[in-house]
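Note that the UniProt record's numbering numbers the sequence shown so that position 592 is 592, with each residue one more than the last.
Glycine is no exception: its CB is placed at the ideal position from the N, C-alpha and C atoms.
These numbers come from a predicted model, not from an experiment.
Here's the structure we're looking at; comments come further down.
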Amino acid sequence: MLLRELVTTKSVPATLKAWYRRITLNRFTLCFFVLAFANSVAQTTIMTMQFVMSMQGRDFVSDIVFTAGIQKGFSVIEGNQVMLCNGIPNQAGTTCIPASNSSISPVLATRALRLYDQVVEDTLGTAQVVDEDGVVVGVHVTDAAFGAATLSLECVESLTPLETFLRDAMSEDITHFIFHTWQFLLSVVGLLSESIPHLIVVLASHALNTAWASFRVYTDKTTRDQYTNVIVGDMCGGVDVLGGWREEGNLIALIGVNAVVFFIMCFLVYKIIRGYLKTTLTSVGAPRIISRMYNLVLWLYVALQFSAFFMMASAAVWYNKLSSDIEPATYKKSLYFVPFYVTSALIVPWYVLGAFAMRRECRWMFALFFSMTLGFIGMNATWFTSPVFIYELGAWSFFGAFTCFADFMLIVTVILAFFCRLQFGKGLAHYLWVQQMLEETGFPEASFINPTSGVTGDKSGKPIRRNTSGGLSVILRDKINKPPISHRTSTDSTSSVESSVLQTWRSNKKAQELQNMGVFDICAANNRFPSFPPARPPAFPPALPSPTNSPIATTNSNGHHRGSDFLSISFPVPPNHRGSFNGSLFPPIEISIQRTGHEEVSPSDARCSPDSDIRRIDRAEP
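Okay, here's the thing in structure tokens:
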């Protein structure tokens, strides 16, 4: 929706300015944006440092394993032993044997190097150690961290679980780097669209991220203890190929950052949502049933975004797992790659179909989207028939959690899509179409709330005038010097205002064309609040008021244009939309404005909010 707003608008700077106003709506929205950005930068920085350390360790360990020519297979640590398996552990026909804790003595290594001279030594690298028969018996390692050492074949075999852990850690770091960037974008979308579902889900994602950081520290500590006690202490005779386990400071800092950000986000989201709810209750916009339907669609959008991200991330992680060539060749890899290719090719069309189908209430788009969703669920279900997949789900907690959450979000998407489909033909598409018409005609943006006495100021210190008369009021920022009250005449009532906003909008070429086509009707009424929705729908096309006879054109004794108490813009259902609405004619969407005081307003300063429930509020505290 936001991308469409930016692409279709005739003034990109105006759209960006409107987005800026939504972000700086009040101090809570501004703090939310700043904190989300700072958190994203901090998290991605920590993830980058973790990735670099994991990559360096994994490359060195992989080089040692590759040099020794270790047969690829599954390896697990059970107790104080490293078990090497010729197949998937705990499966019929799989044999697991412990690696020996013997190592090559320094005398044997020196003799091998002197007699056969078949070791190719590098400044920083690895080389094979072979016996008189040409059989590899170890690997000579030269590294700046611990100097030179010769590792036995059994020691090298015991490094395979470490190589697997470091490889998986790299995948986790990359995934979370992308996740934090995506989380920030989701936070911005929540502010720009003033979507309560987005804000709630962003807060939930922070809670999940904090829990994951704590679990990451636990798994890292467990692996470190196994590496120190089993691999270094028993299998490799005290030789630490990593030159010391990576510091836990980054992960502990990760927990601290996540915890602090989560609690601050709880407070900010609570304040922002409370402000949005308060504005919704005191604003004019769609009927309550339309608001409920639109909120349901917003929840579906959130589910779509989460499903798309986690499905693609899970497929990419699984593809990388298979491509690492660590697993044994006991299955046809090409069959396992097909779901990744299918997901990569269809994930974007699937998301676009879902978003457009719900917004436009397009039945054929929904049918295709729903079929694709069921297809994704069926494809993911087939994974659970694979022993390799089942084993990795349990052995790699991160992959298991990501995959299960992606499947869960798919099921939630199906349920929400089903309920959204039941709302087709009840007026939501008409309401969203009205918003689009307002955007295209440049209808001025304003703040529609019920009257509140007193004058408040925004964060810039400029006063904001509020009308205290009955009915609906529009909050506008004072931008010109008003004459003293003593200089005003009695005919300058508080319901009178220069109608430049309306006249400017009505002079818009696009607005004139739409009005002549009967797309909308502009009327005015004095001292009354127009019913919403009307008791009965008007005839189509509506009778258009004459500009010369409109109360908006009346003037007071000073020659000022005198506006009506209320301006009502009525949007009946267009003929080309009746088919998608089951042929029924819904009550027109009405947007009513009451003019206040003597304020001069330009279209750039006051226009109806194009958001879901037209609930723009000023910069005052929610």
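Item                                                                                                                                                                    : Value
Could you pull out every residue in the same chain whose Cβ sits closer than 6 Å to the Cβ of N258, ignoring the five residues on either side in sequence?              : N209, T210 and A213
So, with DSSP's three-state summary, where would you put C96?                                                                                                           : strand
Taking just the CA atoms, how far does Q91 sit from E194?                                                                                                               : 52 Å
Taking 8 Å as the threshold, find out whether the stretch 334–353 comes into contact with the stretch 361–378 through three or more Cβ pairs.                           : yes
S171: which of I97, R58 and S158 sits nearest, CA to CA?                                                                                                                : R58
What's the C-alpha gap between T160 and Y301?                                                                                                                           : 43 Å
Between the alpha carbons of A313 and T175, how many angstroms are there, rounded?                                                                                      : 7 Å
Taking the runs of the alpha helix (DSSP H) that are 4 residues or longer, which of them lie wholly in the stretch 199–264?                                             : none
Secondary structure at S323, three-state DSSP: helix, strand or coil?                                                                                                   : helix
Measuring only the C-alpha atoms, how far is E157 from T223?                                                                                                            : 17 Å
Rounding to the nearest angstrom, what Cα-Cα distance links K479 and R22 in this structure?                                                                             : A caution first: K479 carries a pLDDT of 31, below 50, which makes its placement in the model unreliable, though a value can still be read off. Using only the alpha carbons, I get a separation of about 20 Å.
List the DSSP bridge partners of T45.                                                                                                                                   : Partner(s): none; T45 has no beta bridge.
Bridge partners for E78 per DSSP, in chain order?                                                                                                                       : Q81
Using a Cβ distance threshold of 8 Å, determine whether the stretch 195–207 contacts the stretch 46–54, with at least three qualifying pairs required.                  : no
Would you mind reading off the limits of the alpha helix (DSSP H) that contains I415?                                                                                   : S397 to L422
Using a Cβ-Cβ cut-off of 6 Å (strictly less than) and excluding sequence neighbours within five positions of I411, which residues of its own chain qualify?             : none
Y270: buried (16+ other C-beta within 10 angstroms of its C-beta) or exposed?                                                                                           : exposed
Where do the N-terminal and C-terminal ends of the alpha helix (DSSP H) with N86 fall, by residue?                                                                      : Careful: N86 lies outside any alpha helix (DSSP H) and carries neither H nor E.
Is L368 helix, strand or coil by DSSP?                                                                                                                                  : helix
Would you mind stating whether P387 and I88 have Cβ atoms separated by less than 8 Å?                                                                                   : yes
Assess contact between the stretch 180–195 and the stretch 412–426, defined as three or more Cβ pairs (one per stretch) separated by less than 8 Å. Is contact present? : no
If you follow the alpha helix (DSSP H) that T181 is part of, which residue opens it and which one closes it?                                                            : T160 to L192
I need the DSSP call for L151, collapsed to helix, strand or coil.                                                                                                      : strand
Taking C-beta to C-beta, are residue 624 and Y294 nearer than 8 Å?                                                                                                      : With the chain represented from 1 up to 622, any question about residue 624 goes unanswered, as that position is not in the structure.
Quick check on DSSP: helix, strand or coil for T142?                                                                                                                    : strand
Would the beta-carbon of A207 fall within 8 Å of that of S307?                                                                                                          : no
Count the other CB atoms, across all protein chains shown, that sit within 10 Å of the CB of A345; report buried if there are 16 or more and exposed otherwise.         : exposed
What is the rounded straight-line gap between the Cα of C155 and the Cα of F398?                                                                                        : 28 Å
Should W364 be labelled buried (16 or more other beta-carbon atoms within 10 Å of its own) or exposed?                                                                  : exposed
Look at the Cβ atom of V202, then the Cβ atom of V82, and state whether they are nearer than 8 Å.                                                                       : no
Quick one: what's got a C-beta closer than 8 Å to F356's C-beta in the same chain, skipping five residues either side?                                                  : C362 and M365
What does the alpha-carbon distance come out to for the pair L514 and D168?                                                                                             : Caution is warranted here: a pLDDT of 48 is assigned to L514, below 50, making its placement in the model unreliable, and the coordinate value is therefore given only provisionally. For L514 and D168, the distance between alpha carbons rounds to 58 Å.
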